[in-house]
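When we follow full-length UniProt numbering, the leftmost residue of the sequence shown carries the number 1, and every step to the right adds one.
Heads up, the thing below is written out as structure tokens.
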Amino acid sequence: MIRHLNLSEKTEERLQQEIKWLLDEKYDGHRTSEAEQDIERLKKGEPVDYVIGRMDFCGCTIDLSLRPLIPRTSTEYWAEKTIESIKKRGLTSPRCLDMFAGSGCVGIAILKHIPGATVDFVDIDPDALKQIEINLKLNDISPNRARIIHSDVFQNVTGMYDIIASNPPYFPLGVTGLIAKFSLAYESHHFYFAGEDGLSCIRPFLQSARKHVKEDGEIWLDYASGQKSDVERLLREYGYANFIFSDEGMKQRQVVIMSDAAFQAADPFFDFFDADRPVVDPLLPEWKEVSYKDYPRSTCITLPKPELPQDVLLETVLEKRKSERDFSDNPLPEKTISSLLYWSVGLINKNKNMVEFQLRRPYPSGGARYQVEIYAVLFNGSGLENGVYHYNTKEHALELIQRASFENIRQALHYDFAKKAAALILLSFVGGRTLKKYGNLGYKLGLLEGGHIGQNIYLVGTALGLGVLALGGMDYEVVQKELDLGEDETVFYQLAIGWPK
Numbered sequence: 001m002i003r004h005l006n007l008s009e010k011t012e013e014r015l016q017q018e019i020k021w022l023l024d025e026k027y028d029g030h031r032t033s034e035a036e037q038d039i040e041r042l043k044k045g046e047p048v049d050y051v052i053g054r055m056d057f058c059g060c061t062i063d064l065s066l067r068p069l070i071p072r073t074s075t076e077y078w079a080e081k082t083i084e085s086i087k088k089r090g091l092t093s094p095r096c097l098d099m100f101a102g103s104g105c106v107g108i109a110i111l112k113h114i115p116g117a118t119v120d121f122v123d124i125d126p127d128a129l130k131q132i133e134i135n136l137k138l139n140d141i142s143p144n145r146a147r148i149i150h151s152d153v154f155q156n157v158t159g160m161y162d163i164i165a166s167n168p169p170y171f172p173l174g175v176t177g178l179i180a181k182f183s184l185a186y187e188s189h190h191f192y193f194a195g196e197d198g199l200s201c202i203r204p205f206l207q208s209a210r211k212h213v214k215e216d217g218e219i220w221l222d223y224a225s226g227q228k229s230d231v232e233r234l235l236r237e238y239g240y241a242n243f244i245f246s247d248e249g250m251k252q253r254q255v256v257i258m259s260d261a262a263f264q265a266a267d268p269f270f271d272f273f274d275a276d277r278p279v280v281d282p283l284l285p286e287w288k289e290v291s292y293k294d295y296p297r298s299t300c301i302t303l304p305k306p307e308l309p310q311d312v313l314l315e316t317v318l319e320k321r322k323s324e325r326d327f328s329d330n331p332l333p334e335k336t337i338s339s340l341l342y343w344s345v346g347l348i349n350k351n352k353n354m355v356e357f358q359l360r361r362p363y364p365s366g367g368a369r370y371q372v373e374i375y376a377v378l379f380n381g382s383g384l385e386n387g388v389y390h391y392n393t394k395e396h397a398l399e400l401i402q403r404a405s406f407e408n409i410r411q412a413l414h415y416d417f418a419k420k421a422a423a424l425i426l427l428s429f430v431g432g433r434t435l436k437k438y439g440n441l442g443y444k445l446g447l448l449e450g451g452h453i454g455q456n457i458y459l460v461g462t463a464l465g466l467g468v469l470a471l472g473g474m475d476y477e478v479v480q481k482e483l484d485l486g487e488d489e490t491v492f493y494q495l496a497i498g499w500p501k
């Protein structure tokens, strides 16, 4: 069980674990009268670290007697990353700055793990400065390796630094829903709130930090969920050119800013996928629900049992896989369509009595959201009427979309050699299944899923003796209209299927 949590309520299991931590760490396992008083504090919701009075952080002991902000697991994570960066760069005696230092945990961790480092601790809160002094002594840090500075951001700070680490307040005033109720009840509000927009500390920090970082130095800045675009705007406004955002949800949200010009920033196209990712609880039941599209009023054709040749080696399939541009006039049998769809995108363990979210498909899907739907357009079939079908994954069936014209979709293809194929497989992206959980990253996950499916179709098609041709474009406006898709579903990838000449 994670020790340092931002809790809104304590389960009985959590409470019992906290009582165990309390008795083991503060009372040597004895349940004394003083311990009983502390247990009552735990029952009322007081954070266990305040009740115990100290905690471990990156191998250091952090005293909390003056009630600083309790260091979070996410802070410990990026402190470790900062130390790792210092070691990787070969800095043996770096000069470091811990801004908005609070308990001093980040700077003390640097001092503990980098023997030659020096750290200046900066905070505007006099109690925080006293707490830092207590923690320096508690961890046997030599006084000549640390300075404690009372300052409003950089007001009383001079000199240049190899590393500037900053974990500022960043919540907008009044936005209490993002902070657990026990945190608001027991931790000082000035640790959290930063003006109407949540940027009243980040803004002056970024405005001045570049004047205090050495030519080859780094600035590490923590920020809130949803603030990435605002932070990036401020970085560009204040002249920063080289920075990398790292956003892992609740685990880590930070930007590393480099002062030298050697670093080449990432392509903004890929950076788009990391923007404004929502913070969600991955354990919520809704993320275990798998969506299936169907057409209940359409003619539904149950496909025959799928089969694959037993004597075809994977090595042979990989060697023969290619993009086919010379299709014959031979029709595509229903049996072949069944095998191609099932082994490429079907529910391959449907009959194993597994619960819904455990049903597996032959390709990976980010968060098991399965945001790609499959349509089969039959131009030249045998055993099936030529037409436009939706593949019902759950039933391994084709649903005829009566209103759609297979001929209009064929003419929407850009190349004549593709129009000669016996069929066309269409992949569509259903944004509603993934964007709520992943934000812009959901688009990337959809594209990746489409790529996995496309390769499956190539390999299964090759094993069946088919020719497959992936196509990067067609007249999508025609396809969207024929399939009558709304704004939440978009065709983005297609593969022509047929028999090679």
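Glycine included, C-beta positions come from ideal geometry on N, C-alpha and C.
Bear in mind that the values here come from a model prediction, so they are computed numbers and not experimental data.
What is the DSSP secondary structure of residue i, reduced to helix, strand or coil?
i: E215; result: strand
i: S298; result: coil
i: L206; result: helix
i: K10; result: coil
i: A422; result: coil
i: D392; result: It should be pointed out that residue 392 corresponds to Asn in this sequence rather than to Asp. Reduced to three states, the DSSP call for N392 is strand.
i: L471; result: strand
i: G498; result: strand
i: R325; result: coil
i: L413; result: strand
i: F193; result: strand
i: L483; result: helix
Short check: CB of residue i to CB of residue j, under 9 Å?
i: V153; j: V122; result: yes
i: E218; j: D162; result: yes
i: E324; j: G383; result: no
i: L347; j: H396; result: yes
i: D63; j: L138; result: yes
i: A128; j: A101; result: yes
i: Y238; j: Y170; result: no
i: H390; j: E407; result: no
i: A421; j: G467; result: yes
i: Y186; j: G45; result: yes
i: residue 517; j: I409; result: No information on residue 517 is available, as it lies outside the stretch 1 to 501 that the chain covers here.
i: L441; j: L469; result: no
i: L173; j: L206; result: no
Sort out for me which residues DSSP pairs residue i with in a bridge.
i: V166; result: Rather than Val, the amino acid found at residue 166 in this sequence is Ser. Answer by DSSP bridge pairing, in chain order: M99 and L221.
i: M160; result: Paired residue(s): none; M160 is not in a bridge.
i: S382; result: P333
i: N242; result: M258
i: V345; result: The partner list for V345 (beta bridge, DSSP) is empty, contrary to what the question assumes.
i: L398; result: I301 and Y391
i: R147; result: D120
i: A376; result: Y389 and I425
i: V430; result: E489
i: I62; result: M55
i: F171; result: F193
Which whole-angstrom value describes the C-beta separation of residue i and residue j, a residue pair presumed to lie in contact below a C-beta threshold of 8 Å?
i: E489; j: G366; result: Between G366 and E489 the Cβ distance is about 17 Å, and since that is not below 8 Å, they are no contact.
i: L426; j: V377; result: 7 Å
i: R433; j: R369; result: 5 Å
i: A165; j: D98; result: 5 Å
i: A194; j: P168; result: 7 Å
i: Y443; j: F273; result: 6 Å
i: S188; j: R67; result: 7 Å
i: G446; j: F429; result: 4 Å
i: T31; j: L23; result: First, the residue type needs correcting, since residue 31 is Arg and not Thr in the sequence shown. The pair is a contact, with the Cβ atoms about 6 Å apart (cut-off 8 Å).
Measure the C-alpha to C-alpha separation of residue i and residue j and round it to an integer number of angstroms.
i: K293; j: L69; result: 48 Å
i: V256; j: L136; result: 26 Å
i: A262; j: H212; result: Caution applies to A262, whose pLDDT of 39 falls short of 50 and renders its modelled position unreliable; the value that the coordinates give is listed next. Answer to the nearest angstrom: the Cα atoms are 19 Å apart.
i: D125; j: E40; result: 30 Å
i: G439; j: F269; result: 15 Å
i: D484; j: L332; result: 26 Å
i: Q227; j: A109; result: 27 Å
i: T158; j: H452; result: 54 Å
i: T11; j: Q17; result: 10 Å
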